[in-house]
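Structure, as structure tokens:
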Amino acid sequence: MDALLQAAGVRKEFGGLVAVDNVDFTVPAKSIVSLIGPNGAGKTTFFNILTGVYKPTSGRIELDGEDVTGKPPHAITNRGMGRTFQNIRLFPLMTSLENVLVGMHGRLHAGILRSILRTPGVRREEREARDQARELLAFCGLGGRDDEFARNLPYGDQRRLEVARALATGPKLLLLDEPTAGMNPQETQDFIAFVSRLLTERELTVLMIEHDMRVVMGVSDRVTVLDYGEKIAEGTPQEVQKDERVIEAYLGTKATH
Amino acid sequence: MRRRWRELKRQRWEPLPETLRRAIVAGVVGFLLLVLFTPFAGFDTTALFAYLIFVVTYVPPYRRLPLGRFVVPLAVLVLAVAYPYYGDHMFTLPVFSATGSNGFPSMDTATIITVFAMMAVGLNMVVGYAGLLDLGYVAFYATGAYVSGWLASPQFAGQTFGFGGTGVTPGTPGIHISIWLLILLGGIVTAVIGVLIGLPTLRLRGDYLAIVTLGFGEIMPQIAKNGDNFFNTGFNLTGGPSGITPIDPPGFGHWLHNNVWSGLPSDYLSATHADRFFFWTGLALLVVTVFCSVRLRDSRLGRAWVAIREDEVAAAAMGIPLMRTKTWAYASGAFFGGVAGAFYASYKTETFPDDFFFNISVFILCMVILGGMGNVWGVLLGAAFLAYLDRQGISNAGGWLNDHFSGAHASWFKIWSSPIDVSKYSFGIYGLIILIVMLFRPEGLIPSSRRKAEFSAEDLSDEPLYDVQR
Chain A
1 MDALLQAAGV
11 RKEFGGLVAV
21 DNVDFTVPAK
31 SIVSLIGPNG
41 AGKTTFFNIL
51 TGVYKPTSGR
61 IELDGEDVTG
71 KPPHAITNRG
81 MGRTFQNIRL
91 FPLMTSLENV
101 LVGMHGRLHA
111 GILRSILRTP
121 GVRREEREAR
131 DQARELLAFC
141 GLGGRDDEFA
151 RNLPYGDQRR
161 LEVARALATG
171 PKLLLLDEPT
181 AGMNPQETQD
191 FIAFVSRLLT
201 ERELTVLMIE
211 HDMRVVMGVS
221 DRVTVLDYGE
231 KIAEGTPQEV
241 QKDERVIEAY
251 LGTKATH
Chain B
1001 MRRRWRELKR
1011 QRWEPLPETL
1021 RRAIVAGVVG
1031 FLLLVLFTPF
1041 AGFDTTALFA
1051 YLIFVVTYVP
1061 PYRRLPLGRF
1071 VVPLAVLVLA
1081 VAYPYYGDHM
1091 FTLPVFSATG
1101 SNGFPSMDTA
1111 TIITVFAMMA
1121 VGLNMVVGYA
1131 GLLDLGYVAF
1141 YATGAYVSGW
1151 LASPQFAGQT
1161 FGFGGTGVTP
1171 GTPGIHISIW
1181 LLILLGGIVT
1191 AVIGVLIGLP
1201 TLRLRGDYLA
1211 IVTLGFGEIM
1221 PQIAKNGDNF
1231 FNTGFNLTGG
1241 PSGITPIDPP
1251 GFGHWLHNNV
1261 WSGLPSDYLS
1271 ATHADRFFFW
1281 TGLALLVVTV
1291 FCSVRLRDSR
1301 LGRAWVAIRE
1311 DEVAAAAMGI
1321 PLMRTKTWAY
1331 ASGAFFGGVA
1341 GAFYASYKTE
1351 TFPDDFFFNI
1361 SVFILCMVIL
1371 GGMGNVWGVL
1381 LGAAFLAYLD
1391 RQGISNAGGW
1401 LNDHFSGAHA
1411 SWFKIWSSPI
1421 DVSKYSFGIY
1431 GLIILIVMLF
1441 RPEGLIPSSR
1451 RKAEFSAEDL
1461 SDEPLYDVQR
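For the protein sequence lines, the chains are A and B, in the order given. Heads up, the first sequence stops at 257 in the numbering used here, and the numbers go up one at a time, no gaps. Heads up, the second sequence stops at 1470 in the numbering used here, and the numbers go up one at a time, no gaps.
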């Protein structure tokens, strides 16, 4: 099993606070890996390190065999890592279609002069990009809402649009930060099916932070548990479920004295 | 009251078909014109024509036709190109007219309007599209002006170099390069300076960027003012407070004038209607500026600018290189500032540090805000309106006020005893205008759909509660 993402000894300090502490982590290709842990465990910080929003204090991150440690976010995205955000961060005053087109930025080539002249090449590129973007929107269940401002979409659609936008970057690895937060059980069910489709139809690898245990246990191939910035368990959902340190982290221990 | 008004608007006004709504607006405008003009000034046939043209361009639903979106801009362009021929013969505007002026922009005012409109459209790329608040835009304007000052004047009299310079006899001391090249070069040099200023500053966000650009905007005129003895070397770079003069006019050269068509002046100042040629040149440059601005807005780069304005972190996460993209915005904005400056210097035949102080930066920013940030057409309107007021409108209106209300000869009734110089209060008046617009129409006169949505109250209630999800 090839590792698509490999993180070794990743550590992040904010002043005196160690948010992520020497985490070793691998995501095998074409799998769904979940990252779980109690609130404040450092999951989102870890995501931000992977995507280049933060530079790790130490450690090394490889994407598909290439060292991406400390690279700026756009460089990492263009090497094949797409992401969504915990608190939806769409471009609220751009339409759905524009949001997706922005996601394609790194894959388009029109420069400033050719854009002004609108050469045939640029025209074709733009047309193809629009077609692709519409296709992606339809794939994510947003067909027909192309021209609506992102902020006017209902909440569930905004979540879907974020995924569509992340897919538009052409990722090998898709990072989802709490994708089902705020969804009702039916929406969550649909979402699980959707993620499975990503894997089968788009041959993606998915890494997600998730709180809903039904989702985690339902779709994950592997689960990693963080607590206070440290990795405390890793394995199949069944293994992790029985792990004592995990139970302890989530439920606390019985007072011993 | 405002809520009831809005309610009424939604229930009764908005369900009407658009063409009908526009026809009603046109009717109301026509009625007001009649009421306002007949007592104050002459409502003659030209006014009727102007009104008819307005009705014909405004009311019919051109947008539904194929290529219909070009109808209104084209009509405006044709009217602008023909302006020198009918401007003087138009009806007399109330309040804004003066002796010897019917209140419509003179050729000089019209030319200045094109220069300011160019700058406003350029600044709009930086502020309106990319959301980078630039309070020192005048620095770019100055750079363009000094590029033409240096390379088309006797400033460096030690050199004698000519390359297509018009309006000077060959062998005149100083560097004399064709203004057409200098307009382009002014843009390029300014864009390079924009990049140099941008590289260290664009890492900053919001307010910090504004402060740093403010600093650069102050540095430039200081360099110009004190550059007559550069670092005490005795080298006269900028001519100091007295500036650089005379700067060569643009022109088509003797060969084209003599052999192709004598209607093309060999240099503008030798032409019978020099002012018209300057106006048309300014207009042509403005059209190019608007064209580039619109093309960029609809391109991959323009989308990236808007994305950065909306959410920097998300934009970076979508693969947009922040620094490079912002620097492009800065450089494109700077380019058109430079073009405007180079042309302006040639038009004025001189360039002074006094033309490049902070108030100009703010003035241009006001045009952008007043017209509607992010929308080229709004910005054009804002620029035309404020530049007109600055050059002509306020002093004319001041004259009218004094005629009617001051001293013993007040033709209506006396309010103050001796004439007041209204032009002195011009910046106060602009402030008041901006204040009123911000209160009643914060999105600007002609907002972009984005900005309209940003300010519309109905949409706000639909805002997702981003931070309350857990």
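Note that the Cβ used here is the ideal one computed from N, Cα and C, for glycine as well.
Rounded straight-line distance, which links the Cα of residue j to that of residue i
i: Leu-137 (chain A); j: Ala-1130 (chain B); result: 26 Å
i: Phe-1291 (chain B); j: Pro-154 (chain A); result: 36 Å
i: Ile-1415 (chain B); j: Gly-1407 (chain B); result: 8 Å
i: Leu-1209 (chain B); j: Ala-166 (chain A); result: 30 Å
i: Ser-1299 (chain B); j: Val-1287 (chain B); result: 18 Å
i: Glu-98 (chain A); j: Val-163 (chain A); result: 14 Å
i: Ala-1080 (chain B); j: Leu-1074 (chain B); result: 10 Å
i: Phe-1049 (chain B); j: Glu-1443 (chain B); result: 31 Å
i: Asp-243 (chain A); j: Lys-231 (chain A); result: 13 Å
i: His-109 (chain A); j: Thr-1038 (chain B); result: 59 Å
i: Tyr-1430 (chain B); j: Leu-1214 (chain B); result: 20 Å
i: Gly-1217 (chain B); j: Leu-142 (chain A); result: 47 Å
i: Gly-1323 (chain B); j: Thr-69 (chain A); result: The amino acid at residue 1323 (chain B) is misidentified as Gly; the sequence shows Met. Answer to the nearest angstrom: the Cα atoms are 19 Å apart.
i: Leu-1135 (chain B); j: Asp-24 (chain A); result: 48 Å
i: Val-1468 (chain B); j: Ala-1142 (chain B); result: At Val-1468 (chain B), the pLDDT of 48 sits below 50, so the modelled position is not reliable and the matter cannot be decided from this model.
i: Phe-1104 (chain B); j: Ala-1047 (chain B); result: 12 Å
i: Glu-203 (chain A); j: Gly-82 (chain A); result: 14 Å
i: Phe-1336 (chain B); j: Val-1072 (chain B); result: 24 Å
i: Gly-235 (chain A); j: Asp-1207 (chain B); result: 48 Å
i: Phe-14 (chain A); j: Thr-44 (chain A); result: 14 Å
i: Leu-1296 (chain B); j: Pro-1200 (chain B); result: 24 Å
i: Ala-1329 (chain B); j: Asn-78 (chain A); result: 21 Å
i: Ala-29 (chain A); j: Arg-222 (chain A); result: 12 Å
i: Pro-1060 (chain B); j: Leu-35 (chain A); result: 59 Å
i: Gly-156 (chain A); j: Leu-174 (chain A); result: 19 Å
i: Asn-1402 (chain B); j: Pro-1419 (chain B); result: 5 Å
Minimum Cβ-Cβ distance from residue i to chain D less than 8 Å
i: Glu-135 (chain A); result: Given the protein chain composition of this structure (A and B), no chain D is represented.
Neighbour-count burial assignment, residue i, 16 or more Cβ in a 10 Å radius
i: Glu-210 (chain A); result: buried
i: Gln-158 (chain A); result: buried
i: Tyr-250 (chain A); result: exposed
i: Asp-1421 (chain B); result: exposed
i: Val-1126 (chain B); result: buried
i: Ala-1031 (chain B); result: Contrary to the premise, residue 1031 (chain B) reads as Phe rather than Ala in this sequence. Result: exposed.
i: Leu-1460 (chain B); result: With a pLDDT of only 48 at Leu-1460 (chain B), under 50, the local geometry of the prediction cannot be trusted, and no value is derived from it.
i: Ile-1394 (chain B); result: buried
i: Phe-1205 (chain B); result: Before going further, note that residue 1205 (chain B) is Arg rather than Phe in the sequence given. Arg-1205 (chain B) should be labelled exposed.
i: Gly-1338 (chain B); result: buried
i: Ala-1157 (chain B); result: exposed
i: Glu-178 (chain A); result: buried
i: Glu-1310 (chain B); result: buried
i: Phe-1163 (chain B); result: exposed
i: Thr-1045 (chain B); result: exposed
i: Asn-1375 (chain B); result: buried
Bridge-paired residues (DSSP) for residue i
i: Gln-6 (chain A); result: A:Thr-26 and A:Glu-62
i: Asp-227 (chain A); result: A:Glu-230
i: Ala-1334 (chain B); result: Answer is none; Ala-1334 (chain B) lacks a bridge partner.
i: Asp-177 (chain A); result: A:Ile-209
i: Asp-67 (chain A); result: A:Glu-62
i: Ile-1177 (chain B); result: B:Phe-1163 and B:Gly-1164
Specify whether the region 1159 to 1173 of chain B and the region 1294 to 1307 of chain B touch according to this definition: at least 3 beta carbon pairs, one from each stretch, less than 8 Å apart. Touching, no.
Output, in sequence order along the chain, the residues in the region 100 to 111 of chain A whose CB is closer than 7 Å to any CB in chain B. From the region 100 to 111 of chain A, only Leu-101, Val-102, Gly-103, His-105, Gly-106, Leu-108 and Ala-110 have a Cβ closer than 7 Å to chain B.
Three or more C-beta pairs below 8 Å linking the region 1086 to 1100 of chain B and the region 1262 to 1275 of chain B: As far as the Cβ criterion goes, the region 1086 to 1100 of chain B does not touch the region 1262 to 1275 of chain B, which means the pair count is below three.
Check distances from the C-beta atoms of the region 18 to 37 of chain A to those of chain B and list, in chain order, the residues that come in under 9 Å. Here the close residues number zero.
Three or more C-beta pairs closer than 8 Å, one from the region 1143 to 1154 of chain B and one from the region 1342 to 1357 of chain B: is that the case here? Taking a cut-off of 8 Å for Cβ pairs, the region 1143 to 1154 of chain B and the region 1342 to 1357 of chain B touch, as three or more such pairs fall below it.
Using a beta-carbon distance cut-off of less than 8 Å, what residues from the region 1315 to 1339 of chain B approach chain A? Those would be Ala-1315, Ala-1316, Ala-1317, Met-1318, Gly-1319, Ile-1320, Pro-1321, Leu-1322, Trp-1328 and Ser-1332, in chain order.
Would you call the region 1001 to 1016 of chain B and the region 57 to 77 of chain A in contact, with 3 or more CB pairs under 8 Å? Contact between the region 1001 to 1016 of chain B and the region 57 to 77 of chain A is absent, because fewer than three Cβ pairs lie under 8 Å.
Do three or more CB pairs link the region 1353 to 1371 of chain B to the region 1060 to 1071 of chain B at distances below 8 Å? The answer is no - the region 1060 to 1071 of chain B does not touch the region 1353 to 1371 of chain B, with fewer than three Cβ pairs under 8 Å.
Would the region 1084 to 1097 of chain B count as touching the region 1306 to 1325 of chain B if we require 3 or more Cβ pairs under 8 Å? Fewer than three beta-carbon pairs drawn from the region 1084 to 1097 of chain B and the region 1306 to 1325 of chain B are found closer than 8 Å, and the two stretches are therefore not classed as touching.
Could you tell me whether the region 1374 to 1383 of chain B touches the region 1113 to 1121 of chain B, where touching means 3 or more Cβ pairs closer than 8 Å? Yes, they touch.
Interfacial residues, the region 1291 to 1306 of chain B to chain A, with Cβ spacing under 9 Å: Answer set for the region 1291 to 1306 of chain B: Phe-1291, Cys-1292, Arg-1295, Leu-1296, Asp-1298, Ser-1299, Arg-1300, Leu-1301, Gly-1302, Arg-1303, Ala-1304 and Val-1306.
Of all the residues that make up the region 1174 to 1191 of chain B, which are near chain A by a beta-carbon distance shorter than 9 Å? Within the region 1174 to 1191 of chain B, no residue qualifies.
Using Cβ-Cβ distances below 9 Å, what residues of the region 46 to 59 of chain A are close to chain B? Among the residues of the region 46 to 59 of chain A, those with a Cβ less than 9 Å away from any Cβ of chain B are Thr-51, Gly-52 and Val-53, in the order of the chain.
Taking Cβ-Cβ distances below 7 Å as the criterion, which residues of the region 156 to 170 of chain A are in contact with chain B? Hits within the stretch, in order: Gln-158, Arg-165 and Thr-169.
Beta carbons nearer than 9 Å to chain B: which residues of the region 185 to 207 of chain A have them? For the region 185 to 207 of chain A, which is checked against every Cβ of chain B, not one residue is closer than 9 Å.
Could you list the residues in the region 1128 to 1161 of chain B with a C-beta less than 7 Å from some C-beta on chain A, going in chain order? Here the close residues number zero.
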